[in-house]
Every structure is written in C-alpha cells, then in structure tokens.
Amino acid sequence: MRTILAIDQGTTSSRAIVYDERCRALASSQREFPQYFPRPAWVEHDAGEIWRSVEDTARAAIASSGAGKVSAIGITNQRETIAVWDRRTGAPAAPAIVWQDRRVSPLMDQLRAAGREPFIQQKTGLLLDPYFSAGKLSWLLDNIPDGRARAAAGELAAGTMDSWLIYKLTGGRVHLTDVSNASRTMLMNIHTGGWDDELLSLFNIPRAILPGIAPSSGFFGETDPALFGAAIPITGAAGDQQAALFGQLCSRPGLIKCTYGTGCFMLLFTGPEPVASTNRLLTTVAWQLGGGPLQYALEGSVFMGGAAIQWLRDGLKIIRSAPEVNQLAAQVADTGGVYLVPAFTGLGAPHWDSTARAALLGMTRGTTGAHIARATLEGIAFQVTDLLRAMRKDSGRRIITLRADGGACASDLLMQLQADLAGVAVERPKNLETTAIGAAMLAGLGAGFWRNTGELASIRETERVFRPAAAADSKERLRLWRAAVKRAKSLEGA
Ligand code: ADP
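Numbering (this note's numbering), first residue to last: 3 to 496.
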C-alpha cells in the first residue's frame with residue numbers, strides 16, 4: 003500500500019497524518035508548541051521547537067499507521083511566519099516572527115505614506131500590512147548581529163515554515179519554498195513567480211538569503227534517511243489556505259471555499275489569470291502543479307470567526323463550550339434586532355480597519371443570551387457575506403456555491419444562516435481536514451499517484467448542502483448589518 007504523510011504545521015500546533023491512496027487517514031499525531039509574546043503586539047515561535055514538534059508527530063503518525071515506509075510527504079503550513087537560520091549548522095539565528103506580529107507597523111505606515119502601496123499591490127497582489135514576511139525579515143536582518151553581511155555572504159538562510167521544514171527534513175541539503183508560500187512574502191512578483199529585485203531592494207533583503215522557488219507539486223528533495231528509517235521524497239508543499247482550496251478541489255475558475263476557524267478565510271480560484279482587486283482583497287498564487295502555469299486566487303479574511311464564539315465562552319461566559327452556542331442560539335427564532343459586529347481585533351477584508359472595535363447593537367430589555375448567541379453566529383455569517391460580495395465584484399462571477407470547512411462549520415445553524423444571508427448553497431464535505439488532505443493531494447500528484455486533478459474528484463465527498471431559504475428580510479438585515487459595521491468603525495475617530 004502506498005501512503006502519504008501530510009505535515010500540517012499550524013500556528014499553535016503541528017500535526018502529522020498518514021493517508022492512504024484514497025486520502026483516508028490511517029493515523030495522526032498532534033502537538034502544541036509554545037507561543038512567545040515578548041512585548042505587546044509581538045508574537046514569536048522558536049523554529050527549533052517547531053521542528054521538534056514536526057519530527058515527533060511525523061514519527062508517531064508513521065509508527066501508528068502500521069504502513070511501514072511512507073511513499074511521499076506533503077507539507078502545509080502557517081503562512082508568512084518567517085525564520086532565519088545558520089545555513090551551515092541549521093541553528094535558528096533569531097526567534098521566528100509569526101504572521102500575527104505587528105512590530106513592523108511603522109515601516110508599513112512609512113511605505114504607505116511614501117505612496118508605495120499601488121506599486122506593491124501591482125507586483126505582489128498584497129496590501130501593505132505587517133502581516134506579510136518582507137518587513138519581518140528586514141527587521142530580523144537589522145537585529146541579528148551582522149545580519150545583512152552574513153546574509154549576503156550566504157551564511158544565513160531564511161524562509162517560511164515550509165522552507166524551514168524542507169531544510170530540516172532533507173538534513174540541510176535543500177533550501178526551497180513553494181510558490182504559494184513565496185507569494186505571501188511580499189518579495190515575489192506574482193506575475194513571474196520569481197523574487198523581485200525592486201522589492202528586495204525596497205526591503206533591503208540580500209537575494210542570497212532566500213530559498214529557491216519551486217512548484218507546489220513536484221520533487222523538492224528526499225528526507226535524511228536517519229529521520230524516518232528511509233529516504234522519503236517530499237513532493238508537495240503549499241500554504242495552509244491554498245492547501246485547503248486544493249483539498250476542497252476548487253481547481254476550476256469560480257470555485258470558492260471558506261474556512262471557518264479562529265478567523266474565516268475565503269479563497270476564490272481564478273485560474274491562470276491573476277485578478278487584480280479593487281475591493282481590497284488580495285491576489286495570491288493558488289498553486290503551481292509541476293511544470294504547469296501559475297494558478298491564482300483572490301483571498302479575503304476576517305479576523306474573528308469561531309473566535310467570536312470563544313468570546314461567548316471565555317469573555318461573556320454564557321456558554322461552557324463552543325458547540326453549546328448552537329443550542330443556545332436555537333432557543334430563539336431570530337436575534338430580536340440584535341447585531342454583533344465581532345471587530346474585537348479590528349476588521350479584516352474588505353474593510354482593513356485596525357481601529358474598529360466590536361459592537362453589540364439593538365438590545366432591548368427583552369434581549370437574552372440566546373439572542374446574543376444567535377447574533378454572534380449571524381455576525382460571522384454577515385462578515386463572510388461581505389467577503390463574498392467583494393469576491394463577486396472583483397471577479398465578475400456569479401457565485402452560487404460556497405464550499406465550507408474548518409471547526410465552526412460543524413454548526414448546522416451557522417451554515418444555514420450563511421446560505422440564507424449570502425444567498426448561496428453552502429456545501430460541507432464529509433472530511434473537514436481539507437488543509438491536510440490538500441497537502442496530501444499535492445504530494446500524491448507530485449509523486450505520480452494520480453495523473454491529474456480529475457482523478458481526485460471521487461475522493462472529495464459532500465456531507466450536506468445547505469440551500470438558501472427564500473428569506474424575504476435578508477436584504478434588510480444586511481442593510482442593518484452594514485449600518486452596525488459603520489458604527490463599529492467610527493468609534494475611534496468619534
Ligand atoms: P483553527 O484551525 O483556526 O485553530 P478550527 O478550524 O479548529 O480553528 O476551529 C475552531 C473554531 O471553531 C473555534 O473558534 C470554535 O469556536 C469553533 N467551533 C468548534 N466547534 C464548533 C461547533 N460545534 N459550533 C460552532 N463553532 C464551533
């Protein structure tokens with residue numbers, strides 16, 4: 003039996019899953035690793051700890067799968083997080099800076115004030131934000147002793163987590179990244195698929211520190227035989243959201259998925275043409291299969307998705323566990339005019355307003371926890387509806403189906419509210435592990451298990467479709483929601 007090891011290197015934990023050729027999980031292992039918050043708005047990881055979590059979970063999953071030798075490895079990972087290490091010893095040269103870290107906000111403000119955003123958006127498809135890797139890497143090189151000189155001399159290596167893991171897995175022999183991860187660094191030109199000299203000089207990054215850019219599916223290198231008892235080819239890698247898009251088989255232009263996790267991430271596959279956004283979405287590389295063309299997606303994310311439910315549990319304490327939100331919200335037929343704008347950490351796409359704060363509006367003496375619970379689920383669905391509207395405008399496509407995944411899509415009520423408010427059918431797959439499956443599919447294609455994406459079609463099965471009910475009042479509710487968003491936005495400046 004041929005098997006694939008999928009490594010899912012997330013923000014708070016690393017997971018390893020062994021799949022068979024039908025992408026059925028044979029075994030899995032998961033481990034959390036420490037998060038470091040040395041200052042307000044700083045978030046760091048120890049790349050060494052991440053590597054050990056991956057090594058251990060991979061070994062454990064392989065051992066308990068009973069499959070013996072794994073045939074191929076696929077990697078998916080938290081995106082944008084950037085590490086710098088000593089190329090010779092493989093030792094991290096500084097803590098890795100995590101995507102959530104805001105320390106380079108001043109640099110981004112400076113570049114915006116200098117009018118550089120259109121230039122950056124044109125080349126990278128991204129908006130100026132500390133989220134992306136370039137500013138973080140520049141900061142690291144400023145703060146590692148002799149950082150720039152050592153980088154230019156080839157003594158240091160840098161990379162996102164895929165690249166770091168490929169380096170460690172191959173015993174330090176291979177320094178590559180996949181094109182979907184590279185597209186999130188703000189250093190790659192998404193039209194050419196190569197590092198861009200103007201961007202490198204803007205951020206003062208020596209080219210020598212960066213990995214080579216490879217297709218998402220294809221041969222990256224072989225693992226050091228000492229690690230898992232044999233040399234295993236690494237044949238797939240992609241950023242987590244792109245891997246989920248692939249795992250949902252959104253490989254025809256117009257197909258779209260939304261992951262309802264801590265935040266919500268929506269990606270619309272647009273095919274070989276990058277679509278420039280005029281609605282503050284991101285244009286990003288979806289993947290590249292072998293020697294095929296670059297494929298693109300539009301992306302939008304909201305910061306608080308399932309996390310808003312966690313606030314009901316941990317902040318308001320009106321539920322004891324996340325799934326309880328559903329029973330509580332089902333006690334009432336509507337929110338009684340209550341709106342929750344979950345801007346607890348600002349608003350993401352399409353608003354990009356970091357000063358917005360959450361607002362709970364429309365309460366009366368009759369308002370109960372049930373109304374607030376329902377308004378929370380609606381608040382998630384409304385935000386996703388706004389993303390979908392921006393996607394429709396940017397792509398000029400009629401979107402009739404949304405493929406859902408992530409922890410919060412376990413909520414039938416949320417899925418139905420989503421269908422009703424956005425006027426789309428919401429499709430939930432049987433297997434919700436779309437990110438890891440996407441990595442396994444990319445690796446399987448790269449290893450020749452399947453010849454093309456068509457052969458993968460039978461692997462993805464739909465569990466349930468939530469069809470939009472003809473809710474006469476959804477337009478009016480959307481209007482009131484947008485009015486509520488305006489109030490959440492204006493608070494700071496008022
Ligand atoms: P992440 O990968 O971002 O850590 P997950 O995909 O694991 O997130 O999803 C976790 C989120 O899903 C949590 O924020 C939680 O509130 C929410 N969640 C989990 N189970 C349910 C449920 N049954 N109903 C509604 N929300 C849920």
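For glycine and all other residues, C-beta sits at the position ideal for the given N, C-alpha and C.
CB contact flag (residue i, residue j, <8 Å)
{"i": "Ala421", "j": "Phe468", "result": "yes"}
{"i": "Ala490", "j": "Ala288", "result": "no"}
{"i": "Leu342", "j": "Ile374", "result": "yes"}
{"i": "Val327", "j": "Leu379", "result": "yes"}
{"i": "Asn191", "j": "Lys259", "result": "no"}
{"i": "Ala74", "j": "Ile6", "result": "yes"}
{"i": "Val20", "j": "Ala63", "result": "yes"}
{"i": "Phe222", "j": "Ile236", "result": "yes"}
{"i": "Asp88", "j": "Thr437", "result": "no"}
{"i": "Gly371", "j": "Gly249", "result": "no"}
{"i": "Glu119", "j": "Leu109", "result": "no"}
{"i": "Leu300", "j": "Ser323", "result": "no"}
{"i": "Ala445", "j": "Gly238", "result": "yes"}
{"i": "Glu403", "j": "Val426", "result": "Glu is not the amino acid found at residue 403; the sequence shown has Thr there. Result yes, Cβ atoms of Thr403 and Val426 sit closer than 8 Å."}
{"i": "Thr13", "j": "Ile84", "result": "no"}
{"i": "Ala43", "j": "Asp103", "result": "yes"}
{"i": "Ile382", "j": "Pro344", "result": "yes"}
{"i": "Ile146", "j": "Ala96", "result": "yes"}
{"i": "Glu82", "j": "Tyr133", "result": "yes"}
{"i": "Arg150", "j": "Pro208", "result": "yes"}
The ligand ADP heavy atom lying under 7 Å from the CB of residue i
{"i": "Ala335", "result": "no"}
{"i": "Pro325", "result": "yes"}
{"i": "Ala410", "result": "yes"}
{"i": "Ala309", "result": "yes"}
{"i": "Gln11", "result": "no"}
{"i": "Thr272", "result": "no"}
{"i": "Gln102", "result": "no"}
{"i": "Gly371", "result": "no"}
{"i": "Asn328", "result": "yes"}
{"i": "Gln312", "result": "yes"}
{"i": "Gly263", "result": "yes"}
{"i": "Leu416", "result": "yes"}
{"i": "Ser460", "result": "no"}
{"i": "Ser16", "result": "no"}
{"i": "Ser413", "result": "yes"}
Alpha-carbon to alpha-carbon, residue j and residue i
{"i": "Gly214", "j": "Ala160", "result": "11 Å"}
{"i": "Leu480", "j": "Gly368", "result": "22 Å"}
{"i": "Gly338", "j": "Trp452", "result": "52 Å"}
{"i": "Asp198", "j": "Phe121", "result": "12 Å"}
{"i": "Thr261", "j": "Ala240", "result": "16 Å"}
{"i": "Ile99", "j": "Leu447", "result": "32 Å"}
{"i": "Leu251", "j": "Pro431", "result": "11 Å"}
{"i": "Ala351", "j": "Ser303", "result": "6 Å"}
{"i": "Ala116", "j": "Thr272", "result": "31 Å"}
{"i": "Leu257", "j": "Gln312", "result": "30 Å"}
{"i": "Gly307", "j": "Leu349", "result": "11 Å"}
{"i": "Ala449", "j": "Gly220", "result": "7 Å"}
{"i": "Gly127", "j": "Ser66", "result": "42 Å"}
{"i": "Gly292", "j": "Asn281", "result": "32 Å"}
{"i": "Glu46", "j": "Pro36", "result": "9 Å"}
{"i": "Ala136", "j": "Leu284", "result": "16 Å"}
{"i": "Val487", "j": "Leu419", "result": "18 Å"}
{"i": "Asp148", "j": "Leu189", "result": "22 Å"}
Residues bridged to residue i [DSSP beta-bridge criterion]
{"i": "Glu380", "result": "Note: Glu380 sits in no beta bridge, so no partner."}
{"i": "Gly273", "result": "Tyr298"}
{"i": "Ser219", "result": "Gly238 and Leu291"}
{"i": "Tyr262", "result": "Cys266"}
{"i": "Gly2", "result": "The structure shown does not extend to residue 2, since the chain is modelled only from 3 through 496, so no value can be given for it."}
{"i": "Ile52", "result": "Ile52 pairs with nothing; no bridge assigned."}
{"i": "Gln420", "result": "Per DSSP, none; premise fails for Gln420."}
{"i": "Arg469", "result": "None; Arg469 has no bridge partner."}
{"i": "Ile99", "result": "Glu46 and Ile84"}
{"i": "Met407", "result": "Sequence check: residue 407 is Asp here, not Met. Note: Asp407 sits in a beta bridge opposite Thr261."}
{"i": "Arg481", "result": "Looking at the DSSP assignment, Arg481 forms no beta bridge with any residue, so it has no partner."}
{"i": "Thr464", "result": "Pro431"}
{"i": "Pro40", "result": "According to DSSP, which records beta bridges pairwise, Pro40 is partnered with nothing at all."}
{"i": "Ala27", "result": "Tyr21"}
Proximity test, Cβ basis, 8 Å: residue i and chain D
{"i": "Thr179", "result": "The structure shown contains no chain D; it holds only a single protein chain."}
Worksheet item: Quick one: complete beta strand (DSSP E) runs, 3+ long, within the stretch 275 to 363?
Response: 284 to 289, 297 to 304, 341 to 343 and 361 to 363
Item to complete: Identify every run of the beta strand (DSSP E) within the stretch 155 to 214, keeping only runs that are complete inside it and at least 3 residues long; order them along the chain.
Response: 158 to 162 and 178 to 180
Worksheet item: Considering only residues of the stretch 113 to 158, which uninterrupted beta strand (DSSP E) runs meet the minimum length of 3 residues and lie entirely inside it, listed in chain order?
Response: none
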